[in-house]
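Protein sequence lines, in the order shown, are assigned to chains A and B.
Letter 20 of the first sequence, counting from 1, is numbered 20 in UniProt numbering, and no numbers are missing.
Letter 151 of the second sequence, counting from 1, is numbered 151 in UniProt numbering, and no numbers are missing.
For reference, the structure is listed below as structure tokens.
Protein chains: 2
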Amino acid sequence: MSRFWSDLVAALTPYTPGEQPRVEQLVKLNTNENPYPPSPAVLAAIRADTGDGLRLYPDPEAGALKTAIAQRYALDAAQVFVGNGSDEVLAHTFCALLKHARPILFPDVTYSFYPTYCGLYGVDYRPVPLDAALRIDPEDYAGENGGVIFPNPNAPTGRLLPLEAVRRMLDLNPDSVVVVDEAYIDFGGESAAALVPEYPNLLVIQTLSKSRSLAGLRVGFALGQAPLIEGLERVKNSFNSYPLGRLAIAGAVAAMADEAYFERTRQAVIAGRERLTTGLESLGFEVLPSAANFVFARHPAHRGESLAAGLRAQRVLVRHFRQPRIEDYLRITVGTDAQCERLLEVLEALCA
Amino acid sequence: MSRFWSDLVAALTPYTPGEQPRVEQLVKLNTNENPYPPSPAVLAAIRADTGDGLRLYPDPEAGALKTAIAQRYALDAAQVFVGNGSDEVLAHTFCALLKHARPILFPDVTYSFYPTYCGLYGVDYRPVPLDAALRIDPEDYAGENGGVIFPNPNAPTGRLLPLEAVRRMLDLNPDSVVVVDEAYIDFGGESAAALVPEYPNLLVIQTLSKSRSLAGLRVGFALGQAPLIEGLERVKNSFNSYPLGRLAIAGAVAAMADEAYFERTRQAVIAGRERLTTGLESLGFEVLPSAANFVFARHPAHRGESLAAGLRAQRVLVRHFRQPRIEDYLRITVGTDAQCERLLEVLEALCA
């Protein structure tokens with residue numbers, strides 16, 4: 001605390017990201033990174049751009065990347081916003097499109113950065129409880145509100161809302177922006193990007209951190225009709241003219257172009273998830289149906305906190321949330337087969 | 001405009017960065033980039049990190065970079081904040097340390113992003129006129145205020161405030177944060193970093209875009225006593241946990257380590273500025289004394305706007321501001337000798 005702080009900064013409750021340990025030899029299944037490396041084409045594009053040109057500012061509009069993303073989703077470049085990771089895109093979204101007189105709505109169990117953004121931008125919010133099976137029910141989001149935001153699949157549950165239910169959410173909220181945070185959509189869901197031309201109130205947010213294996217590069221984007229994108233651009237241009245450096249733009253353009261590699265690694269993660277789920281179930285875990293690159297699981301006879309601590313003692317990191325309703329669950333990233341086998345081995349011993 | 005925008009976004013006046021043209025063969029002296037490439041050690045460090053590790057998140061604290069910067073300035077890592085370019089660092093500073101009940105003070109002729117940040121965060125401000133010679137006088141900043149911010153050397157004038165005058169500014173404002181925005185300090189000034197241990201109200205902001213030739217990488221930082229830095233960290237962790245990607249961290253660490261290259265290119269820019277100044281003066285221009293990698297100059301017989309347009313027609317870009325007091329000035333980046341010669345050649349014809 002300092003007398004020089006603004007009242008706002010003193011009142012903030014910052015987000016705590018999953019641990020990024022500096023020690024080696026850990027089985028790191030705590031921050032939903034992709035176990036497969038980025039496409040070789042991405043690494044080649046970055047290396048090709050690592051030269052004298054770095055002395056120059058990047059294109060502040062990142063036009064090449066917007067075009068590449070637009071092509072991938074059959075949209076127009078004016079329907080694409082890009083940022084320094086989807087967290088930055090989310091932050092600008094709270095400021096530009098979710099700050100209204102009425103409270104916004106999001107699930108009570110969800111990405112825990114949302115209330116933090118509300119604190120930063122003075123956005124009022126009302127958490128909407130998931131149902132008993134930890135599912136989102138669009139009917140719970142009817143009625144006047146300042147906006148709606150939810151991850152799809154939801155985090156940390158991994159549960160997917162089918163596209164028809166997303167459509168229902170949009171139809172129920174014609175006067176609010178509905179933000180679908182699709183960080184994990186490529187691992188089992190159908191993107192709401194296809195609904196953008198139809199719904200002026202839809203904003204879809206994605207990231208290259210997960211399904212494109214580029215958490216270390218920091219690129220996220222939003223898709224929506226041009227007036228929503230323009231609102232985001234106004235905030236971006238009041239914050240930082242050049243959020244994406246030259247290497248991030250070059251790597252991201254190459255990532256969007258390599259559809260074959262994307263498809264192969266995506267399917268490998270999905271297959272790994274199914275094996276991990278089977279393995280956990282054979283140890284007696286209850287595993288929520290997941291459409292993400294992680295699973296959310298609990299054991300009827302063991303506390304989540306003690307399992308997480310036991311795994312950690314054996315150098316296996318998973319994520320555990322001290323939060324009502326989900327405190328006995330572990331969120332486990334789908335790693336390589338070897339990593340998942342090691343996890344199951346340690347869990348078997350802990351549960352014995 | 002859209003009915004989905006927040007009132008805030010509708011009221012913003014976004015910043016307009018200098019043009020980043022996509023055509024080649026331009027003499028680009030409009031955005032104060034360094035004419036010399038980044039250090040070869042920087043490029044090697046980035047290439048070495050361009051591998052499978054990009055699938056993993058970066059260190060959210062960028063600890064290695066904070067340590068490298070702290071060593072360079074004989075400070076502690078807890079006295080260093082890092083961000084995605086100094087524009088992001090400035091944005092967080094307005095939110096964390098300059099948003100108070102009283103208006104903040106900054107020069108009437110200065111970096112034009114400051115009023116934009118005020119709009120974004122609802123910060124009241126009062127511009128303080130430069131003196132007749134376009135200089136900052138610390139005595140004009142006495143009296144109660146919510147904070148003080150100024151670039152040193154100032155942009156776009158290039159004029160330097162000596163360290164003793166910065167100290168006077170700090171002594172005059174013991175109850176306000178004084179932010180010294182040192183984007184250009186390495187080209188001729190003495191950094192206020194040395195005053196950090198002495199003044200709890202001092203925040204120094206720098207960038208790797210100019211004197212480290214890394215505008216394309218996006219890295220900036222702030223130096224201050226730990227409580228000020230902690231305020232910035234709280235905002236950062238409420239906005240984006242991972243503002244710097246792995247390649248930005250690797251490149252910036254290498255840049256801070258290569259002091260010899262930094263010194264050589266810095267001196268080359270300073271020598272180029274002296275030649276450019278002499279050349280402009282020989283054409284009849286009045287050139288303000290500059291401590292930056294640009295000069296601010298006007299011709300008694302020619303309008304700034306028409307000179308900028310004439311240069312542009314000959315594929316030479318400089319920056320011109322349509323703003324009272326400085327509308328007849330051109331802001332000209334110190335380029336390579338060849339670029340400066342081409343500029344002078346075109347100006348000679350235009351002034352003939």
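Note that the Cβ used here is the ideal one computed from N, Cα and C, for glycine as well.
Whole angstroms are fine: how far does the CA of residue j sit from the CA of residue i?
i                      : j        : result
A/Gln314               : A/Val346 : 7 Å
residue 377 of chain A : A/Cys118 : A query on residue 377 of chain A cannot be resolved here, the shown segment of chain A reaching from 1 to 352 and no further.
B/Gly216               : A/Pro38  : 22 Å
B/Gly224               : B/Val334 : 30 Å
A/Cys351               : A/Arg273 : 21 Å
B/Met256               : B/Pro60  : 19 Å
B/Asp108               : B/Cys340 : 29 Å
A/Tyr73                : B/Tyr15  : 30 Å
A/Thr110               : A/Arg135 : 11 Å
B/Tyr141               : B/Asn201 : 15 Å
A/Glu144               : A/Leu12  : 27 Å
A/Leu228               : A/Thr278 : 42 Å
A/Leu344               : A/Glu305 : 17 Å
B/Arg102               : B/Arg168 : 21 Å
A/Ser191               : A/Ala91  : 21 Å
B/Leu283               : B/Glu348 : 6 Å
B/Phe4                 : A/Tyr121 : 16 Å
B/Gly188               : B/Ile270 : 7 Å
A/Asn89                : A/Thr207 : Looking at the sequence shown, residue 89 of chain A is not Asn but Val. Their Cα atoms are separated by approximately 9 Å.
B/Ala41                : B/Asp258 : 7 Å
Could you tell me which chain A residues have their CB closer than 7 Å to the CB of residue i, listed as they occur along the chain?
i        : result
B/Asn84  : Asn84, Asn240, Pro243
B/Gln20  : Tyr57, Asp59, Pro60
B/Tyr15  : Asn237, Ser238, Ser241
B/Gly272 : Going along chain A, no residue has its Cβ under 7 Å from B/Gly272, so there is no contact; the nearest lies around 14 Å.
At the 8 Å Cβ level, is residue i part of the contact set with chain B, yes or no?
i                      : result
A/Glu198               : no
residue 362 of chain A : Past the boundaries of the shown model lies residue 362 of chain A; chain A is included only from 1 to 352, so the question cannot be answered.
A/Arg214               : Note on residue identity: the sequence assigns Leu, not Arg, to residue 214 of chain A. Closer than 8 Å to some Cβ of chain B, the Cβ of A/Leu214 qualifies, so yes.
A/Leu343               : no
A/Glu33                : yes
A/Val235               : yes
A/His320               : no
A/Asn201               : yes
A/Asp181               : no
A/Leu26                : no
A/His100               : yes
A/Asp186               : no
A/Leu12                : yes
What residues of chain B sit near residue i, judged by a beta carbon separation below 9 Å?
i        : result
A/Ala91  : Ser238, Phe239, Asn240
A/Pro227 : Met1, Ser2, Arg3, Phe4, Trp5
Show which residues of chain A have a CB atom less than 9 Å away from the CB atom of residue i.
i                      : result
residue 356 of chain B : The shown model of chain B, from 1 to 352, leaves out residue 356 of chain B, and the question about it has no answer.
B/Val178               : What B/Val178 touches in chain A: nothing, since even the nearest Cβ is about 10 Å away.
B/Gly158               : Going along chain A, no residue has its Cβ under 9 Å from B/Gly158, so there is no contact; the nearest lies around 19 Å.
Taking 8 Å as the threshold (beta carbon to beta carbon), is residue i in contact with chain A?
i        : result
B/Glu88  : yes
B/Phe4   : yes
B/Cys340 : no
B/Leu208 : no
B/Thr116 : yes
B/Gly304 : no
B/Gly231 : yes
Going along chain B in order, which residues have a C-beta closer than 7 Å to the C-beta of residue i?
i        : result
A/Ile218 : Correcting the residue type first, residue 218 of chain A is Arg in the shown sequence and not Ile. Neighbours of A/Arg218 on chain B, chain order: Tyr242, Gly245.
A/Ala96  : Trp5, Ser6, Val9
A/Leu43  : Thr50, Gly51
In chain A, which residues lie less than 8 Å from residue i when you measure between Cβ atoms?
i        : result
B/Asp52  : Pro37, Pro38
B/Gly189 : Here the premise fails: no neighbours, minimum Cβ distance about 21 Å.
B/Leu172 : Per Cβ cutoff of 8 Å: no residues; B/Leu172 is ~16 Å from chain A at best.
Interface residues of chain B around residue i at Cβ under 8 Å?
i        : result
A/Gly119 : Ser238
Are the segment 146-157 of chain B and the segment 166-181 of chain B in contact at 8 Å, needing three or more beta carbon pairs?
-> Short answer: they touch.
Report the residues of the segment 247-259 of chain A with a CB closer than 8 Å to any CB of chain B, ordered along the chain.
-> Listed by position along the chain: Leu247, Ala248, Gly251.
If you pair each beta-carbon of the segment 240-254 of chain A with each one of the segment 26-33 of chain A, do three or more pairs fall below 8 Å?
-> Short answer: they don't touch.
Of all the residues that make up the segment 58-80 of chain B, which are near chain A by a beta-carbon distance shorter than 9 Å?
-> Cβ contacts with chain A come from Pro58, Asp59, Pro60, Glu61, Gly63.
Kindly confirm or deny that the segment 278-289 of chain B and the segment 154-161 of chain B touch, where touching means at least three C-beta pairs closer than 8 Å.
-> Using a Cβ-Cβ distance cut-off of 8 Å, the segment 278-289 of chain B and the segment 154-161 of chain B are in contact, since at least three pairs of beta carbons, one from each stretch, lie closer than that value.
Validate contact between the segment 225-232 of chain A and the segment 80-98 of chain A using beta carbons, cut 8 Å, 3 pairs | Touching, yes, given that three or more Cβ pairs across the two stretches are closer than 8 Å.
Is the number of C-beta pairs between the segment 37-52 of chain B and the segment 40-55 of chain A that are closer than 8 Å three or more?
-> Yes, the segment 37-52 of chain B is in contact with the segment 40-55 of chain A.
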